Amino acid sequence: MLRFSTAGESHGESLAALISGLPAGIPVDQSFLDHELWRRQQGYGRGGRMRIERDTAHILSGVRHGKTIGSPIAMTLANKDWKNWEEILPIETGDPEKHKAVASPRPGHADLAGALKYDFPDARYILERASARESAARVACGAVAKMLLRALGIEVASHVTRVGTAELSREASFAEIAALSSREEVLLACVDPESEARMKAEVDTALRTGDTIGGIFEVVVHGLPPGLGTHVNWDERLDGLLAQAVMSLQAVKAVELGRGVTAASSPGSQVHDAIAYAEGDAQPFTKFIRERNNAGGIEGGISNGEDLVVRGYLKPISTLRRPLASVSFESREATKAAYERSDVCVVPAAGVAAEAMVALTVARCVIEKFGGDSLRELQRNYQGYCAQIKSF
Ligand SMILES: Cc1cc2nc3c(=O)[nH]c(=O)nc-3n(C[C@H](O)[C@H](O)[C@H](O)COP(=O)(O)O)c2cc1C
26 MLRFSTAGES
36 HGESLAALIS
46 GLPAGIPVDQ
56 SFLDHELWRR
66 QQGYGRGGRM
76 RIERDTAHIL
86 SGVRHGKTIG
96 SPIAMTLANK
106 DWKNWEEILP
116 IETGDPEKHK
126 AVASPRPGHA
136 DLAGALKYDF
146 PDARYILERA
156 SARESAARVA
166 CGAVAKMLLR
176 ALGIEVASHV
186 TRVGTAELSR
196 EASFAEIAAL
206 SSREEVLLAC
216 VDPESEARMK
226 AEVDTALRTG
236 DTIGGIFEVV
246 VHGLPPGLGT
256 HVNWDERLDG
266 LLAQAVMSLQ
276 AVKAVELGRG
286 VTAASSPGSQ
296 VHDAIAYAEG
306 DAQPFTKFIR
316 ERNNAGGIEG
326 GISNGEDLVV
336 RGYLKPISTL
346 RRPLASVSFE
356 SREATKAAYE
366 RSDVCVVPAA
376 GVAAEAMVAL
386 TVARCVIEKF
396 GGDSLRELQR
406 NYQGYCAQIK
416 SF
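Given below as structure tokens:
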């Protein structure tokens, strides 16, 4: 079973990531891993922190001579800012005078609920772990999952379809979306320059007015065969697994599969994807084909061979330069919510983190279905299954 977990705080010494259950023999490309981490740090509207950090994953175990060896992979990602926080957040008791309290909870953040739950006098320790800095460790794990999927010809990519009210005005092909990941400068990760300019204008307004802005990203998985996930048990449905994985990302407040949102207000004839049959290779896995993909590649909790399309809806960032009303933890008097250096728009970065979560979810289903202790064994099982469904 593929499992992963993360540890670490936003201003601690480093993040840690642990991923286990992968077969031996997956080629591991350090430069790809670090490029994925770099992509998570990009985007127009990010805060000052992105300028002081350039993430890199330090692999401690589970990889030798450039390939996985089947044992758990442990990684650390250093926080370059640690030198400025060592005395503020020491492991030992340290000097209480140096503590940097988050003195008034930020509406929309975990501050108040977390301080109440963990019985802290202020929200410092809550901010430290609730922060999306943690998503960097997920991206490191997701990069390894992508390397496994790539060995089977399965690709994962994302793009931004909305920032505030500015929406991508046309359909995007998978090739266009995938090409975004090799851009040297990431603005808003949109495939269409005119739409991207409108998105940038929305961020500029938020920057100018001390506000923040959310949006929608779309993750697409290309080359996935039919048959991952299952209808037979509620907790093995691929749609449910993906929804949980993407919803667990900081600031994601809704997850949509295919045209799930508009489908709710459309007649069935305009929603469901008619089935045809054609000899030849129009579809790589089966001779049953579709002309459209409103289902987003999943029916009955099972992948159906079309591209998997998962959309995440991101709320605006809750740390505001012009803060909302709050209450002082200490005096209980009305005050403004705390402000700490913060992002204004993170939709492209959230898309990269969601790619990681989707890749990890799909990789888990692949490993469950095809098994194998080595990549060669898994590939053999995978190819056998693909041949079986092609001849169905
Ligand atoms: C990539 C990324 C970066 C984020 N950066 C910030 C930030 O700079 N400031 C902030 O207040 N929230 C930021 N957030 C969102 C918060 O982490 C999130 O809103 C908070 O932890 C509360 O969780 P919830 O929104 O899921 O309820 C970011 C989210 C993502 C995905």
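Quick note on numbering: our numbering labels position 185 of the sequence shown as 210, and the sequence is numbered without any gaps. Positions of the beta carbon are idealized from the N, C-alpha and C atoms, including for glycine. Remember, predicted model here, so these are calculated numbers, not experimental data.
| task | Provide the residue(s) that pair with residue 338 in DSSP beta bridges, ordered along the chain. | result | What you label residue 338 is simply residue 313 of the sequence shown in a count that begins at 1. The partner list for residue 338 (beta bridge, DSSP) reads 241, 279.
| query | Rounded to whole angstroms, how far is the Cβ of residue 380 from the Cβ of residue 182, which I believe are closer than 8 Å? | reply | Working through the sequence shown from its first residue, we reach residue 380 at position 355. Working through the sequence shown from its first residue, we reach residue 182 at position 157. Their Cβ separation, rounded to whole angstroms, is 7 Å, which keeps residue 380 and residue 182 in contact under 8 Å.
| query | Opposite residue 100 in the DSSP bridges: which residues? | reply | Here residue 100 is taken as the residue at index 75 of the sequence shown, counted from 1. When DSSP reads this structure, residue 100 sits in a beta bridge with 42, 84.
| field | Cross-strand partners of residue 317 (DSSP beta bridge) | value | Along the sequence shown, read from residue 1 onward, the residue named residue 317 stands at position 292. For residue 317, which the question treats as bridged, DSSP gives no partner whatsoever.
| said: Which same chain residues end up closer than 8 Å to residue 298 when comparing Cβ atoms and leaving out the 5 residues on each side of it in sequence? | reply: Sequence index remark: in the sequence shown, residue 298 carries index 273 (1-based). 315, 316, 317, 318, 319, 320, 331.
| request: Report the partner residues of residue 184 according to the DSSP bridge assignment. | output: Position 159 of the sequence shown, counted from the start, is the residue given in the question as residue 184. Beta-bridge pairing links residue 184 to 243.
| Taking 7 Å as the cut-off, is the CB of residue 125 close to at least one heavy atom of ligand 1? | Within the sequence shown, residue 125 is the residue found at index 100, counting from 1. Every heavy atom of ligand 1 is 7 Å or more from the Cβ of residue 125, so no.
| said: residue 264 and residue 179 - do their beta-carbons sit closer together than 8 Å? | reply: Here residue 179 corresponds to residue number 154 of the sequence shown, with the count starting at 1. Here residue 264 corresponds to residue number 239 of the sequence shown, with the count starting at 1. No. Outside cutoff.
| query | For residue 328, which of helix, strand or coil comes out of DSSP? | reply | Here the question's residue 328 lines up with position 303 in the sequence shown. It is a strand residue.
| said: Is residue 147 near ligand 1 - that is, is its Cβ less than 7 Å away from at least one heavy atom of it? | reply: Residue mapping note: residue 147 aligns to position 122 of the sequence shown, counting from 1. Residue 147 Cβ: outside cutoff for every heavy atom of ligand 1.
| Identity of the residues DSSP links to residue 89 by a beta bridge | Taking the sequence shown and counting its residues from 1, the one referred to as residue 89 is at position 64. Per DSSP, 92.
| request: Could you say which of 48, 92, 36, 248 lies nearest to residue 398 if we only look at CA atoms? | output: As a first step, residue 398 is located in the sequence shown; it is residue number 373 there, counting from the start. That would be 48, whose Cα lies nearest to the Cα of residue 398.
| said: Once DSSP output is grouped into helix, strand and coil, what is the label at residue 28? | reply: Sequence index remark: in the sequence shown, residue 28 carries index 3 (1-based). Strand at residue 28.
| Is residue 274 near ligand 1, with its Cβ less than 7 Å from a heavy atom? | Walking along the sequence shown from the start, residue 274 turns up at place 249. Under cutoff, so the answer is yes.
| query | Alpha carbon to alpha carbon, what distance is there between residue 96 and residue 152? | reply | Sequence index remark: in the sequence shown, residue 152 carries index 127 (1-based). Sequence index remark: in the sequence shown, residue 96 carries index 71 (1-based). Residue 152 and residue 96 have their C-alpha atoms roughly 33 Å apart.
| request: Answer yes if the stretch 205 to 223 comes into contact with the stretch 155 to 175, meaning at least three C-beta pairs across the two stretches below 8 Å, and no otherwise. | output: At 8 Å Cβ cutoff, the stretches do not touch.
| said: Any heavy atom of ligand 1 closer than 7 Å to the beta-carbon of residue 138? | reply: Locating residue 138 in the sequence shown gives position 113, where the first residue counts as 1. Distances from the CB of residue 138 to the heavy atoms of ligand 1 are all 7 Å or more.
| request: Assign residue 220 to one of three DSSP states: helix, strand, or coil. | output: Walking along the sequence shown from the start, residue 220 turns up at place 195. Residue state, collapsed to three classes: helix.
| Does the Cβ of residue 164 lie closer than 7 Å to at least one heavy atom of ligand 1? | Stepping through the sequence shown from its first residue, residue 164 is reached at position 139. Incorrect: residue 164 has no Cβ contact closer than 7 Å to ligand 1.
| query | What residue range is occupied by the uninterrupted alpha helix (DSSP H) comprising residue 383? | reply | Along the sequence shown, one-based indexing puts residue 383 at 358. 372 to 395 is the extent of the alpha helix (DSSP H) around residue 383.
| request: Using the Cα positions of residue 32 and residue 385, report the straight-line distance between them to the nearest angstrom. | output: Working through the sequence shown from its first residue, we reach residue 32 at position 7. Working through the sequence shown from its first residue, we reach residue 385 at position 360. Their Cα atoms are separated by approximately 17 Å.
| said: Between which residues of its own chain and residue 235 is the CB-CB distance below 6 Å, once the five residues before and five after are set aside? | reply: On the sequence shown, position 210 is the one that residue 235 refers to. The answer, listed in chain order, is 346, 347.
| query | Relative to the C-alpha of residue 125, which residue among 46, 148, 154, 258 is closest? | reply | Residue numbering aside, residue 125 sits at position 100 when the sequence shown is read from its first letter. That would be 148, whose Cα lies nearest to the Cα of residue 125.
| message | Can you determine whether any heavy atom of ligand 1 sits closer than 7 Å to the C-beta of residue 184, and answer yes or no? | response | By 1-based counting over the sequence shown, the position of residue 184 is 159. For residue 184, the shortest C-beta to heavy atom distance toward ligand 1 is 7 Å or greater.
| query | Taking buried to mean at least 16 other C-beta atoms within 10 Å of its own C-beta, is residue 306 buried or exposed? | reply | Here the question's residue 306 lines up with position 281 in the sequence shown. Counting every other CB atom within 10 Å of its CB across the protein chains shown gives residue 306 a total below 16, marking it as exposed.
| Burial state of residue 275 (16 or more Cβ within 10 Å) | The residue you call residue 275 lines up with position 250 of the sequence shown. Residue 275 should be labelled buried.
| task | Taking only the alpha-carbon atoms, compute the straight-line gap between residue 280 and residue 122 and give it to the nearest angstrom. | result | Position 255 of the sequence shown, counted from the first residue, corresponds to residue 280. Position 97 of the sequence shown, counted from the first residue, corresponds to residue 122. Using only the alpha carbons, I get a separation of about 43 Å.
| Considering residue 56, what are the terminal residues of the beta strand (DSSP E) in which it resides? | Counted from its first residue, the sequence shown places residue 56 at position 31. Per DSSP, residue 56 lies in no beta strand (DSSP E) segment; the continuous alpha helix (DSSP H) that holds it begins and ends at 55 to 66.
| request: Starting from residue 361, trace the beta strand (DSSP E) both ways and give me its first and last residue. | output: Here residue 361 corresponds to residue number 336 of the sequence shown, with the count starting at 1. Per DSSP, the continuous beta strand (DSSP E) segment holding residue 361 begins and ends at 359 to 361.
| For residue 304, does the count of other Cβ atoms within 10 angstroms reach 16, so buried, or fall short, so exposed? | Locating residue 304 in the sequence shown gives position 279, counting from the first residue. By the neighbour-count criterion, in which 16 or more other beta carbons inside 10 Å mark a residue as buried, residue 304 falls on the exposed side.
| request: Drop a sphere of 10 angstroms on the beta-carbon of residue 195, count the other beta-carbons inside from all chains shown, and report buried for 16 or more, exposed for fewer. | output: In the sequence shown, counting from the first residue as 1, residue 195 sits at position 170. Label assigned to residue 195: exposed.
| request: Mind checking which residues open and close the beta strand (DSSP E) that includes residue 351? | output: Walking along the sequence shown from the start, residue 351 turns up at place 326. First-last of the beta strand (DSSP E) with residue 351: 350 to 352.
| field | Coarse secondary structure for residue 410, derived from DSSP in three states | value | The residue given as residue 410 occupies position 385 in the sequence shown. In the structure shown, residue 410 sits in a helix (DSSP, three-state: H, G or I).
| field | For residue 132, the three-state DSSP class (helix, strand or coil) | value | Counting from one through the sequence shown, the residue named residue 132 turns up at place 107. DSSP places residue 132 in coil when its eight states are reduced to three.
| Alpha-carbon spacing of residue 188 relative to residue 382, whole angstroms | Start at 1 with the first residue of the sequence shown, and residue 188 comes out as number 163. Start at 1 with the first residue of the sequence shown, and residue 382 comes out as number 357. One C-alpha to the other measures close to 21 Å.
| field | Exposure label - residue 100; buried when at least 16 CB within 10 Å | value | Residue numbering aside, residue 100 sits at position 75 when the sequence shown is read from its first letter. That one is buried.
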